[in-house]
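Contents: one structure, followed by commentary.
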Amino acid sequence: MKAVIFGTTTLAAAAAIGIYAWQSQSATPHPCGQTSVAGSAIGGPFELVSETGETVTDVDIITKPTLVYFGYTFCPDVCPLDSARNAQAAYMLEDQGLDLGTVFISVDPPRDTVEVVRDYTDNFHEEMIGLTGTPEQVKVASQAYKTYYRAQDGDPDYYLVDHSTQTYLMFPETGFATFFRRDSTPEQVAEISACFIDQLS
0 MKAVIFGTTT LAAAAAIGIY AWQSQSATPH PCGQTSVAGS AIGGPFELVS
50 ETGETVTDVD IITKPTLVYF GYTFCPDVCP LDSARNAQAA YMLEDQGLDL
100 GTVFISVDPP RDTVEVVRDY TDNFHEEMIG LTGTPEQVKV ASQAYKTYYR
150 AQDGDPDYYL VDHSTQTYLM FPETGFATFF RRDSTPEQVA EISACFIDQL
200 S
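According to numbering that gives the first Met the number 0, the stretch in the sequence shown is residues 0 to 200, in order.
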(Lines of atoms letter the chains of each structure in order from A and count residues from 1; the text may use other names and numbers.)
(Lines give C-alpha, C1' and ligand atoms only; values in the text may rest on other atoms or scores of the structure.)
Protein backbone atom coordinates (compact mmCIF):
# COMPACT_ATOMS: atom_id res chain seq x y z
CA MET A 1 0.00 0.00 0.00
CA LYS A 2 1.27 3.46 -0.84
CA ALA A 3 0.59 5.13 2.47
CA VAL A 4 1.53 8.77 2.51
CA ILE A 5 4.65 9.36 4.57
CA PHE A 6 6.50 12.59 4.75
CA GLY A 7 9.64 12.11 2.71
CA THR A 8 10.99 14.33 -0.07
CA THR A 9 8.96 12.73 -2.85
CA THR A 10 5.75 12.92 -0.89
CA LEU A 11 6.26 16.57 0.05
CA ALA A 12 6.88 17.48 -3.57
CA ALA A 13 3.73 15.72 -4.61
CA ALA A 14 1.83 17.30 -1.75
CA ALA A 15 2.89 20.77 -2.78
CA ALA A 16 1.76 20.06 -6.32
CA ILE A 17 -1.76 19.19 -5.26
CA GLY A 18 -2.13 21.61 -2.40
CA ILE A 19 -1.67 19.32 0.59
CA TYR A 20 -0.13 20.79 3.72
CA ALA A 21 3.54 20.09 4.35
CA TRP A 22 4.42 18.82 7.79
CA GLN A 23 7.57 19.60 9.71
CA SER A 24 8.96 19.89 13.19
CA GLN A 25 9.34 23.47 14.30
CA SER A 26 12.46 23.94 16.38
CA ALA A 27 12.02 27.68 16.95
CA THR A 28 9.62 27.26 19.87
CA PRO A 29 10.24 23.86 21.41
CA HIS A 30 7.50 22.54 23.66
CA PRO A 31 8.52 20.81 26.89
CA CYS A 32 6.64 17.71 25.73
CA GLY A 33 8.50 17.49 22.42
CA GLN A 34 9.05 19.36 19.17
CA THR A 35 6.16 17.95 17.21
CA SER A 36 4.35 21.02 15.92
CA VAL A 37 2.70 21.25 12.51
CA ALA A 38 3.24 23.88 9.87
CA GLY A 39 0.11 25.42 8.39
CA SER A 40 -3.40 26.00 9.56
CA ALA A 41 -4.98 24.77 12.75
CA ILE A 42 -5.66 21.05 12.98
CA GLY A 43 -9.09 19.74 13.90
CA GLY A 44 -12.58 21.15 13.76
CA PRO A 45 -16.25 20.24 13.61
CA PHE A 46 -17.33 16.99 12.00
CA GLU A 47 -20.41 14.78 11.95
CA LEU A 48 -19.90 11.06 11.45
CA VAL A 49 -21.54 7.74 12.27
CA SER A 50 -20.24 5.80 15.26
CA GLU A 51 -19.72 2.06 15.50
CA THR A 52 -23.07 1.89 17.32
CA GLY A 53 -24.88 3.45 14.37
CA GLU A 54 -25.42 6.82 16.03
CA THR A 55 -24.69 10.15 14.36
CA VAL A 56 -22.03 11.88 16.45
CA THR A 57 -20.00 15.06 16.35
CA ASP A 58 -16.46 15.92 17.35
CA VAL A 59 -17.82 17.22 20.67
CA ASP A 60 -19.40 13.82 21.38
CA ILE A 61 -16.21 11.94 20.55
CA ILE A 62 -13.37 14.05 21.92
CA THR A 63 -14.40 14.18 25.57
CA LYS A 64 -10.90 13.52 26.95
CA PRO A 65 -7.33 13.45 25.63
CA THR A 66 -7.74 11.40 22.46
CA LEU A 67 -5.57 9.92 19.71
CA VAL A 68 -7.28 10.42 16.34
CA TYR A 69 -6.25 8.36 13.31
CA PHE A 70 -7.58 8.24 9.74
CA GLY A 71 -7.31 4.89 7.96
CA TYR A 72 -9.36 2.03 6.56
CA THR A 73 -10.02 -1.53 7.59
CA PHE A 74 -8.89 -3.17 4.32
CA CYS A 75 -5.46 -1.57 4.73
CA PRO A 76 -2.96 -4.45 4.58
CA ASP A 77 -0.15 -3.11 6.75
CA VAL A 78 0.05 0.50 7.89
CA CYS A 79 -3.35 0.93 9.56
CA PRO A 80 -3.25 -2.22 11.70
CA LEU A 81 0.24 -1.38 12.94
CA ASP A 82 -0.65 2.23 13.74
CA SER A 83 -3.92 1.26 15.40
CA ALA A 84 -2.17 -1.38 17.50
CA ARG A 85 0.50 1.18 18.47
CA ASN A 86 -2.14 3.71 19.54
CA ALA A 87 -4.04 1.09 21.52
CA GLN A 88 -0.87 -0.06 23.25
CA ALA A 89 -0.06 3.52 24.25
CA ALA A 90 -3.55 3.88 25.72
CA TYR A 91 -3.10 0.67 27.73
CA MET A 92 0.26 1.92 29.01
CA LEU A 93 -1.29 5.14 30.27
CA GLU A 94 -4.19 3.21 31.77
CA ASP A 95 -1.64 1.36 33.88
CA GLN A 96 -0.44 4.79 35.07
CA GLY A 97 -3.94 5.91 35.96
CA LEU A 98 -4.33 8.16 32.90
CA ASP A 99 -7.29 7.98 30.52
CA LEU A 100 -6.33 8.31 26.83
CA GLY A 101 -9.00 7.80 24.21
CA THR A 102 -8.42 6.28 20.76
CA VAL A 103 -10.44 7.00 17.62
CA PHE A 104 -10.28 5.40 14.17
CA ILE A 105 -11.94 7.36 11.33
CA SER A 106 -12.45 5.43 8.11
CA VAL A 107 -11.48 7.03 4.80
CA ASP A 108 -13.16 4.17 2.94
CA PRO A 109 -16.87 4.59 3.74
CA PRO A 110 -18.18 2.43 0.85
CA ARG A 111 -16.66 -0.69 2.42
CA ASP A 112 -16.31 0.37 6.06
CA THR A 113 -19.83 -0.03 7.36
CA VAL A 114 -20.74 0.47 11.00
CA GLU A 115 -20.36 -3.25 11.69
CA VAL A 116 -17.03 -3.53 9.88
CA VAL A 117 -15.54 -0.56 11.73
CA ARG A 118 -16.81 -1.84 15.09
CA ASP A 119 -15.28 -5.29 14.60
CA TYR A 120 -12.02 -3.74 13.44
CA THR A 121 -11.55 -1.38 16.37
CA ASP A 122 -12.58 -4.00 18.91
CA ASN A 123 -9.54 -6.02 17.81
CA PHE A 124 -7.20 -3.33 19.14
CA HIS A 125 -8.84 -1.80 22.21
CA GLU A 126 -12.26 -2.41 23.72
CA GLU A 127 -12.82 1.33 24.01
CA MET A 128 -11.39 2.39 20.64
CA ILE A 129 -14.13 4.32 18.82
CA GLY A 130 -14.67 3.53 15.16
CA LEU A 131 -16.25 6.17 12.94
CA THR A 132 -17.52 6.07 9.37
CA GLY A 133 -20.15 8.00 7.46
CA THR A 134 -21.11 9.20 4.02
CA PRO A 135 -18.33 10.17 1.61
CA GLU A 136 -19.29 13.80 2.18
CA GLN A 137 -19.08 13.47 5.98
CA VAL A 138 -15.69 11.76 5.80
CA LYS A 139 -14.39 14.46 3.45
CA VAL A 140 -15.38 17.21 5.91
CA ALA A 141 -13.61 15.43 8.77
CA SER A 142 -10.51 14.80 6.66
CA GLN A 143 -10.32 18.42 5.58
CA ALA A 144 -10.66 19.60 9.17
CA TYR A 145 -7.64 17.48 10.13
CA LYS A 146 -5.67 18.28 6.98
CA THR A 147 -5.39 14.63 5.96
CA TYR A 148 -5.12 13.14 2.50
CA TYR A 149 -6.73 10.04 1.02
CA ARG A 150 -7.46 8.73 -2.46
CA ALA A 151 -8.82 5.37 -3.55
CA GLN A 152 -6.72 3.66 -6.19
CA ASP A 153 -8.29 2.47 -9.40
CA GLY A 154 -8.80 -1.26 -9.63
CA ASP A 155 -11.07 -4.02 -8.47
CA PRO A 156 -14.17 -2.45 -6.86
CA ASP A 157 -13.96 -4.89 -3.95
CA TYR A 158 -10.21 -5.08 -3.38
CA TYR A 159 -8.86 -1.61 -4.15
CA LEU A 160 -6.34 0.10 -1.89
CA VAL A 161 -6.50 3.64 -0.56
CA ASP A 162 -3.54 6.01 -0.44
CA HIS A 163 -3.73 8.03 2.76
CA SER A 164 -1.74 10.06 5.24
CA THR A 165 -0.70 8.27 8.40
CA GLN A 166 -0.21 10.77 11.21
CA THR A 167 -1.97 10.30 14.54
CA TYR A 168 -3.24 13.41 16.32
CA LEU A 169 -3.44 14.05 20.04
CA MET A 170 -6.58 16.13 20.62
CA PHE A 171 -8.05 17.69 23.77
CA PRO A 172 -11.72 18.60 24.25
CA GLU A 173 -11.09 22.17 25.39
CA THR A 174 -7.86 23.15 23.66
CA GLY A 175 -8.01 21.01 20.51
CA PHE A 176 -4.84 19.93 18.75
CA ALA A 177 -1.78 19.28 20.94
CA THR A 178 0.65 17.32 18.77
CA PHE A 179 0.92 14.56 16.21
CA PHE A 180 2.83 11.31 15.88
CA ARG A 181 4.51 9.93 12.80
CA ARG A 182 4.62 6.30 11.81
CA ASP A 183 8.03 5.75 13.40
CA SER A 184 6.81 6.80 16.86
CA THR A 185 6.87 3.85 19.25
CA PRO A 186 4.10 2.99 21.72
CA GLU A 187 6.40 4.15 24.49
CA GLN A 188 7.00 7.50 22.82
CA VAL A 189 3.29 8.05 22.14
CA ALA A 190 2.47 7.19 25.74
CA GLU A 191 5.24 9.36 27.22
CA ILE A 192 4.48 12.44 25.10
CA SER A 193 0.73 12.05 25.56
CA ALA A 194 1.20 11.81 29.33
CA CYS A 195 3.30 14.96 29.26
CA PHE A 196 0.59 16.89 27.39
CA ILE A 197 -2.08 15.51 29.70
CA ASP A 198 -0.09 16.82 32.63
CA GLN A 199 0.41 20.19 30.94
CA LEU A 200 -3.11 20.71 29.58
CA SER A 201 -5.50 18.84 31.87
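Ideal placement from N, C-alpha and C gives every residue a C-beta, glycine not left out. Computed from a predicted structure; not experimentally measured.
Nearest-angstrom Cβ-Cβ length linking residue i and residue j, presumed shorter than 8 Å
| i | j | result |
| --- | --- | --- |
| residue 101 | residue 169 | About 11 Å; that fails the 8 Å criterion. |
| residue 67 | residue 144 | 7 Å |
| residue 160 | residue 106 | 6 Å |
| residue 116 | residue 53 | About 13 Å separates the two Cβ atoms, so there is no contact after all. |
| residue 189 | residue 92 | 5 Å |
Span of the beta strand (DSSP E), counted from its first residue to its last, around residue i
| i | result |
| --- | --- |
| residue 167 | 166-170 |
| residue 80 | Residue 80 -> not in any beta strand (DSSP E); alpha helix (DSSP H) instead, spanning 77-94. |
| residue 190 | Looking at the DSSP string, residue 190 is not in any beta strand (DSSP E); the run it does join, the alpha helix (DSSP H), is 185-199. |
| residue 104 | 100-105 |
Residue i in three-state terms, based on DSSP
| i | result |
| --- | --- |
| residue 178 | strand |
| residue 125 | coil |
| residue 68 | strand |
| residue 46 | strand |
| residue 229 | Outside the shown range of the chain (0 to 200) lies residue 229, about which nothing can therefore be said. |
query = Taking contact to mean at least 3 C-beta pairs separated by less than 8 Å, is the segment 117-128 in contact with the segment 66-85?
reply = Yes: the two stretches touch, three or more of their Cβ pairs being nearer than 8 Å.
message = At 3 residues or longer, what runs of the beta strand (DSSP E) sit wholly inside the segment 132-162?
response = DSSP runs (the beta strand (DSSP E)) wholly in the segment 132-162: 148-150 and 160-162.
query = Would you say the segment 128-147 touches the segment 41-54, given that touching needs at least three Cβ pairs under 8 Å?
reply = By the criterion of at least three beta-carbon pairs nearer than 8 Å, the segment 128-147 is in contact with the segment 41-54.
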